[in-house]
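**Q** This is the structure I want to talk about, given as structure tokens.
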Amino acid sequence: MATHALAPATTAYRPGLYEWLTTTDHKKIGIMYVINSFLFFLIGGFFALGVRAELAAPGLQIFTNEHVYNEFFSIHATVMIFLFIIPMLAGLGNYAVPLMIGAPDMAFPRVNALSFWMLPLAGMLLLAGFLTQGGAAAAGWTSYPPLSEVGPTKSPGPGQDLWIVALTLIGTSSILGGINFLVTIFKMRAPGMTLFRMPIMVWTMLVTSVLVVMATPVLTSALVMLFIDRNYGGHFFDPTHGGIVVLYQNLFWFYSHPAVYVMVLPAMGVISEVLPVFSRKPLFGYKAFIFATAGIGALGFSVWAHHMFTTGSVFLPFFSLMTFLIAVPTGVKMFNWVATIFRGKLSFSTPFIFAIGFLTMFLIGGINGAFSAAVPVDFALHDTYFVVAHLHYVLFGGSVFGVFAGIYYWFPKMSGRMLDETLGKVHFVLMFVGFNLTFFPMHMLGLQGMPRRIADYASNAGWNDWNLLASIGGFIIGTSILPFIWNVFVSLRNGKIAGDDPWEGNTLEWATSSPPPPYNFDRLPEIRSERPVFDARHGRLTPHDEMGPA
Amino acid sequence: MSSTPRKRLAPEALIAAVVVILLAVLVPLVVYSGAGSSLFPPTAVTTQARDTRGLYDIVFGIAVAIFVAVEGLIIWSVIRYRRKAGDDELPPQTHGNTLIEIVWTLIPTVIVLYLFAISWNTLNTVDAVSSNPEIRVHAVAQQFAWKFEYLDANGKVVATQSEPSAAKGGGMAVPVGKSVLVTLDSPDVIHAFYVPKFLFKRDVVPGQTNRFQFTVDAGEATDGHPNIFGGQCAELCGTGHRTMLFNVIAMSPTDYDAWLKALIIQNNATPPPPPSGAPETTVTAQNTAFDKSSIDVPAGHPFVIDFKNMDIQPHDIDIRQSDKTTLIQDQPITDAGKESHYTYNPLQPGTYVFICSIHPTLMSGTLTVH
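Chains as they are written, first to last, in my numbering: chain A, 1 to 550; chain B, 1001 to 1370.
Right, here's the structure in full:
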């Protein structure tokens, strides 16, 4: 069959820290994305625990200055969304995509490094808000004007400006990364790797990148307008001078709703790799899954105003219909996953357990989202804790469980060593229990009328027990991270040697060494399906029908 | 590929069956027992809310059915299809099944189209606004208090209620059984009018007047027995967001007419003159700040503050202990652009704080009594 040699990008790494600071290797950049994002996960978690500690009981216990409470939940969400989930998944994609398509690196390695290094800078700028007069941004992660405009009772301090600058930087990083993924996927695939033989993870990164490239500039425009309003006397969002308040929300959600898919699609990609491998079956309905992914991406641009049903400025039937419709491709994927494990032979390694966690929890996040698609029900639930429950079932129950499935799955490839299974299972059980304790009661709180973003509530409102339960759950989630950190720490030193293909994987990253060489592959198996390594292992083709030297 | 269909009933299949049956029994049990009531919104008190509740119940029923079916299938598969130790044989390599895939695309499509149809239908009643409502109220949300203006049929203000709390004799009064049109305006940032028992909220957006209509069920109040529903701002509006509470007081139509008459008389009454000889101080509020940072008054005498509120927000001047939280003397709210003569009772010598109860972090000063 057709064979091509892959020109090595580099043949050796430079020593130590210097290599990490200057590397353009997608694998090292991917790992740095993952580490950086994980550090911000810890920081975002700290803010979340501050919020949960305050809400555990009625009365103000911690935030006697309620402005600081507003800073905490605003920065919690901003960090988790923009500095943890989005870059974490971009990092996993960065590591996996070139390997999965048999490429030696990303298309633009230096741009790749630039995309990464903008993130810690943006994170530091965002957090620097706490050191300024008036503190960090406190108008929520959505930062709706006029509250985010300048004014004594609005957002007078530079913290809000730092938030704008940080998000603009992160957005630029995302756009560069998105372009890089698109060019890599379209131009760098190994011979035989047709579009419909690409792993689902690559497909989800492809659709995600399209969303990022099309939607992020719109957010940036909103941010720039807000910055001009705040600093140069603009009136884009100031109704007293002819500006339009709701314009910002339209622009913001035109990005931020597709951003939900940016945060979920790659996690779906991860579990679409993990479930087949540990079920020893192909993904059920590979092409249908791809069409569903593309369908979600396309429909994702027509549902943004469902975040704005109560503003009185939305064409309600259209956005309600589109929001209901987007449940269909999502449902198709759910059935594909269930059909994949159905009649499989399941081995319960940690990546698989986290993927099952994704299935069971994301299902709830999909179902409770349908409540808000029904506009009258949304009138009751919008801006209450019900919505907080919904978004966490999607972004934590979905994305975060998917992220950990990916980390446990690719850690042996990244490091050459296996993570400890027992510690992994302890991590899962604590996180799963803590997650449900934290977020399920929020459905009840929202139904009973508890609004989001309040530091305190009346002790006779009937919200005490659910809040206490949610806070206990929050600290269990916090605890669950400890066995994970310990696991990584000990496994890097003493973990079992992984070998090339510890999971009996399907995709090309398992056809090279762990960790792979700088140029990724010495040789590639022949690619005849979406599971080239499976084909090679099970003798559809000769196992080492590999490429010869050029 | 070998594909050996399983024929005998494995023990784990029994376990799985038990789990699925348990789930199928437990979930409805929880839902319809006392514990499950917290999975539903509070009892609806308006015509519109009852429609929304009807819709919620349908959505909820479908949601539970899908949850039980899919979650059950996942749990069953996970238990049933565990790989046994030493089993190296591959399971059947099923790549898909076009018929099944079409079916499971069509079924959700039908379900969501049905949900859309009934929710649109409900929306048309919940969101309807008539051209001749029986009662008109203009609600103004501002950092961080609500104000309710009662309008006549031409939209002219006949009475103003600046105190949003029923505990302080205020709140938004409405007659039961009559249609109430609420118009919403904000002079500063976005707020949201939210009453949980109405199963409804609507944003209060600066620069645009939102409106909605409701009718409280006739049985919710009788003569002499009003019913109070709590409400709260639901859109983050700043540091005082959580303090933007208000009450809707449902009254019998007779009680409502009497209440409105009393409010009109109260609005038109000239405030009692301050006790003669009491020392007077003028304090002005602008840009969410007092123009004075300290006031001196003599001990043991009543005193007066002439308060000019030249701001776009409501303010007041309460007296608190120097901890800024313990209330000593409370004064009613002065609307934006209005003036008040606040008369205070005599105080013991010492240092106190005069403070705006609506903006305590931004507006306070030292009151020295000697």
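We put the CB at the ideal spot given by N, CA and C, even for glycine. All values reported here derive from a predicted model rather than from experimental measurement.
Check whether chain A comes within 7 Å of residue 1215(B), counting only Cβ atoms and requiring the distance to be less than that.
**A** Chain A, which has no Cβ nearer than 7 Å to the Cβ of residue 1215(B), makes this no.
**Q** Nearer than 6 Å: is that true of the beta carbon of residue 250(A) relative to any heavy atom of the ligand SAM?
**A** With respect to small molecules bound, the structure shown includes none, and the ligand SAM cannot be examined in it.
**Q** Given a limit of 9 Å on CB to CB distance, which residues of the segment 330 to 363 of chain A reach chain B?
**A** So the close ones are 330, 331, 332, 334, 335, 336, 337, 338, 339, 340, 341, 342, 343, 344, 345, 346, 347, 348, 356, 359, 360 and 363.
**Q** So with Cβ pairs under 7 Å, would you call residue 197(A) a contact of chain B?
**A** No, residue 197(A) lies away from the interface with chain B (no Cβ there is under 7 Å from its Cβ).
**Q** Following the continuous beta strand (DSSP E) through residue 960(B), name the residue where it begins and the one where it ends.
**A** Residue 960(B) lies beyond the stretch modelled for chain B, which goes from 1001 to 1370, so this question has no answer here.
**Q** Looking at the secondary structure, which residues open and close the beta strand (DSSP E) in which residue 1156(B) lies?
**A** Segment: none, residue 1156(B) is in no beta strand (DSSP E) and carries neither H nor E.
**Q** Out of curiosity, what's the CA-to-CA distance linking residue 493(A) and residue 352(A)?
**A** Approximately 24 Å, taken between the alpha carbons.
**Q** Nearest chain B C-beta to residue 422(A) closer than 7 Å, yes or no?
**A** Cβ-Cβ to chain B under 7 Å: no for residue 422(A).
**Q** Buried or exposed for residue 1268(B), going by 16 or more other Cβ atoms inside 10 Å?
**A** Residue 1268(B) should be labelled exposed.
**Q** Whose C-alpha, out of 307(A), 342(A) and 84(A), is nearest the C-alpha of residue 1080(B)?
**A** The residue with the shortest Cα to Cα distance from residue 1080(B) is 342(A).
**Q** DSSP puts residue 1146(B) in a beta bridge; with which residues?
**A** According to DSSP, which records beta bridges pairwise, residue 1146(B) is partnered with 1141(B).
**Q** Compute the distance between the beta-carbons of residue 280(A) and residue 1073(B), then report whether it is under 7 Å.
**A** Contact flag unset, no.
**Q** Report yes or no: do the segment 1099 to 1115 of chain B and the segment 326 to 333 of chain A share at least 3 C-beta pairs separated by less than 8 Å?
**A** At 8 Å Cβ cutoff, the stretches touch.
**Q** Check the Cβ of residue 1200(B) against every Cβ in chain A and list those closer than 7 Å, keeping chain order.
**A** In chain order: 379 and 380.
**Q** For residue 1058(B), which three-state DSSP category applies?
**A** DSSP places residue 1058(B) in helix when its eight states are reduced to three.
**Q** Would residue 1250(B) and residue 1218(B) be called neighbours here (beta carbons separated by less than 7 Å)?
**A** No, Cβ-Cβ distance for residue 1250(B) and residue 1218(B) is not below 7 Å.
**Q** Let's test the definition: count the other Cβ atoms within 10 Å of the Cβ of residue 1156(B) and tell me whether it reaches 16, buried, or not, exposed.
**A** Its Cβ having fewer than 16 others within 10 Å, residue 1156(B) is exposed.
**Q** Could you name the residues of the same chain whose beta carbon sits closer than 6 Å to that of residue 368(A), not counting the 5 residues immediately before and after it, in chain order?
**A** Taken in chain order, the residues that qualify are 390.
**Q** Measure the beta-carbon distance from residue 126(A) to residue 172(A) and round it to whole angstroms, keeping in mind my assumption that it falls under 8 Å.
**A** Not confirmed; about 14 Å, so no contact.
**Q** Based on Cα-Cα distance, which residue from 1084(B), 1278(B), 1329(B) and 1101(B) lies nearest to residue 344(A)?
**A** It is 1084(B).
**Q** Chain B partners of residue 285(A), CB-CB under 7 Å?
**A** Within 7 Å Cβ-Cβ: 1096 and 1101.
**Q** By DSSP's criteria, residue 1304(B) is part of a beta bridge. Which residues make up the other side?
**A** Answer is 1280(B) and 1343(B), bridged to residue 1304(B).
**Q** Which residues bound the alpha helix (DSSP H) around residue 60(A)?
**A** No alpha helix (DSSP H) contains residue 60(A), which DSSP labels as neither H nor E.
**Q** With DSSP run on the structure shown, which of helix, strand or coil describes residue 1360(B)?
**A** Residue 1360(B) falls in the coil class under three-state DSSP.
**Q** Should the segment 375 to 384 of chain A be regarded as contacting the segment 412 to 427 of chain A, the criterion being three or more beta carbon pairs within less than 8 Å?
**A** The answer is no - the segment 412 to 427 of chain A does not touch the segment 375 to 384 of chain A, with fewer than three Cβ pairs under 8 Å.
**Q** Measure the alpha-carbon distance for residue 1341(B) versus residue 1307(B) and round it to whole angstroms.
**A** Residue 1341(B) and residue 1307(B): Cα-Cα distance of roughly 6 Å.
**Q** Where does the unbroken alpha helix (DSSP H) through residue 469(A) begin, and where does it stop?
**A** Element bounds for residue 469(A): 464 to 494.
**Q** Would you identify the three-state DSSP class for residue 1247(B), choosing helix, strand or coil?
**A** Correct three-state label for residue 1247(B): strand.
**Q** Determine whether the beta carbon atoms of residue 1364(B) and residue 1316(B) lie at a separation below 7 Å.
**A** Cβ distance not < 7 Å, so residue 1364(B) and residue 1316(B) don't count as in contact.
**Q** Any idea what DSSP makes of residue 235(A), helix, strand or coil?
**A** In this structure, residue 235(A) counts as coil in the three-state DSSP scheme.
**Q** Please state whether the Cβ-Cβ distance between residue 141(A) and residue 74(A) is less than 7 Å.
**A** Taking 7 Å as the Cβ cut-off, residue 141(A) and residue 74(A) qualify as a contacting pair.
**Q** Can you tell me whether residue 1339(B) is buried or exposed, with buried defined as 16 or more other CB within 10 angstroms of its CB?
**A** It is exposed - the Cβ of residue 1339(B) has fewer than 16 other Cβ atoms within 10 Å.
**Q** Applying the criterion that 16 or more other CB atoms from any shown protein chain within 10 Å of the CB defines a buried residue, is residue 283(A) buried or exposed?
**A** Burial call: buried.
**Q** Quick check: is the beta carbon of residue 1104(B) nearer than 7 Å to any beta carbon in chain A?
**A** So yes, residue 1104(B) belongs to the interface.
**Q** Flag residue 1358(B) as yes if its beta-carbon sits less than 7 Å from any beta-carbon of chain A, otherwise no.
**A** Chain A contact via Cβ: absent.
**Q** Let me see if you follow: with CB-CB separation under 7 Å, is residue 1004(B) close to chain A or not?
**A** Legend: pLDDT at residue 1004(B) = 48, less than 50; position of this residue unreliable, value from coordinates given subsequently. No, residue 1004(B) does not count as interfacial toward chain A.
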